[in-house]
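Step one of this worksheet: look at the structure below.
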Amino acid sequence: MKTIKKIGIAIIIIIIGVAYAYGTWPRPIYNTDIGSLSYEKTDFLTTDSTMEQKFVCGNNGFSGFTIKMLKQDGQNIGNYRWTVEEVKTGKTIGKGTISEADTETRLFESSNPQKQGMVNVNFPKQQNSKGKEYRLTLQAEEMEDTESVAVYITEKNSTESELKVNKNAMTDKASVVKLNYKRFNVETFIVFLGIAVYLWAFIKFMYKLFR
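Structure (structure tokens):
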């Protein structure tokens, strides 16, 4: 009976661990050692302005991104068309529009400087994205200059990437973009199991000590 009970507890712990470890995991393409107060930004992207950001995915399950933007004080923003395409094949894996509605969120309006101005975008999960190069393009549609936004940039990390604003290359810079991966995180699962086993052993030890 005790053996069955232990097996049951172990199965429950594993199920919880699997559920905890499967989710959306963001990974930045920029240097996170640079504080948000030191970020630079592009010029405001007015009508027909474009930003292109190339990057290589470090994991499978690429399913979206967040991008940090700045809009002008007290102004609504115009529409910005975005596309994500695989560079080698030219296949578009996601497209849509960032508009004022995307800035009316807790994330964008957060008081946390790291999160403030972030816009979250999702598209269908790419099963085999690891090692593939993609291009994110952001293009301003027709708008008033006051409806434009700027994109935050900073030093890029070790991930291979390339940033262009209006076709002009910005050497050693990357947009403040995090790539979202929907996947099972093995490292998180192992850490969870380690903590669970430790707590189980600790509780067992304390029970024997004070009974």
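Letter by letter, the sequence shown follows residues -3 to 207 in this note's numbering. Just so you know, even glycine gets a beta-carbon here, dropped at the ideal spot from N, CA and C.
Between residue i and the ligand HEM, is there a pair consisting of the residue's CB and a ligand heavy atom that are separated by less than 8 angstroms?
| i | result |
| --- | --- |
| ALA197 | The ligand HEM is absent from the structure shown, which contains no ligand whatsoever. |
Which same chain residues end up closer than 8 angstroms to residue i when comparing Cβ atoms and leaving out the 5 residues on each side of it in sequence?
| i | result |
| --- | --- |
| GLU36 | TYR148, ILE149, THR150, LYS169 |
| SER157 | ILE25, GLN49, LYS50, PHE51, VAL52, ALA170 |
| THR28 | ASN153 |
| TYR76 | LEU41, THR93, ILE94, SER95, LEU134, GLN135, ALA136, GLU137, VAL145 |
Along the chain, where does the beta strand (DSSP E) that runs through residue i open and close?
| i | result |
| --- | --- |
| ARG131 | 129 to 136 |
| THR46 | 46 to 52 |
| ILE73 | Per DSSP, ILE73 belongs to no beta strand (DSSP E) and is neither H nor E. |
| PRO120 | 114 to 122 |
| GLU158 | 157 to 161 |
| ALA146 | 145 to 151 |
Please return the same chain residues whose Cβ sits closer than 7 angstroms to the Cβ of residue i, not counting the five positions on each side in sequence.
| i | result |
| --- | --- |
| LYS67 | ILE73, THR99, VAL145 |
| THR167 | none |
| GLU81 | LYS87, THR88, ILE89, TYR130, ARG131 |
Nearest to residue i by CA position, among the options, is which residue?
| i | options | result |
| --- | --- | --- |
| ILE11 | ILE186, TYR194, LYS200 | ILE186 |
| GLN123 | PHE58, ASN27, MET202 | PHE58 |
| GLY60 | ASN176, ILE94, ALA97, SER125 | ASN176 |
| GLN71 | SER95, GLU82, GLY54, ARG77 | SER95 |
| GLU129 | ASP69, LYS84, ASN55, LYS152 | LYS84 |
| LEU132 | ASN55, VAL161, THR20 | VAL161 |
| MET65 | THR79, VAL80, GLU82, ASP39 | ASP39 |
| THR142 | LYS1, ARG77, THR93, ASP69 | ASP69 |
| LYS178 | LEU195, ARG23, GLY4 | ARG23 |
| SER34 | VAL172, VAL80, ALA197 | VAL172 |
| ILE7 | PHE201, ALA197, LEU189, TYR194 | LEU189 |
| ASN108 | ALA165, GLU82, SER32 | SER32 |
| GLN110 | ALA192, MET166, ILE30, GLU81 | ILE30 |
Which partner residues of residue i appear in the DSSP bridge assignment?
| i | result |
| --- | --- |
| ARG23 | LEU175 |
| TRP78 | GLY92, LEU134 |
| PHE61 | VAL117, LEU175 |
| GLU36 | ILE149 |
| LYS67 | VAL145 |
| ASN208 | This structure leaves residue 208 out entirely; the chain is present only between -3 and 207. |
| LEU103 | Bridge partners of LEU103: none, in fact. |
| LEU41 | VAL145 |
| ALA170 | THR150 |
Kindly list the residues whose CB is nearer than 6 angstroms to the CB of residue i, restricted to its own chain and excluding five residues on each side of it in sequence; keep chain order.
| i | result |
| --- | --- |
| SER106 | GLN112 |
| SER125 | CYS53, ASN56, PHE58 |
| THR62 | MET114, ASN116, LYS174 |
| MET47 | LEU134, VAL147, VAL161 |
| THR79 | THR88, LYS91, THR133 |
Does the region 89 to 106 come close enough to the region 118 to 137 that 3 or more CB-CB pairs lie under 8 angstroms?
-> The region 118 to 137 vs the region 89 to 106: in contact.
Sufficient close CB pairs (3 or more, under 8 angstroms) joining the region 127 to 142 to the region 39 to 46 = yes
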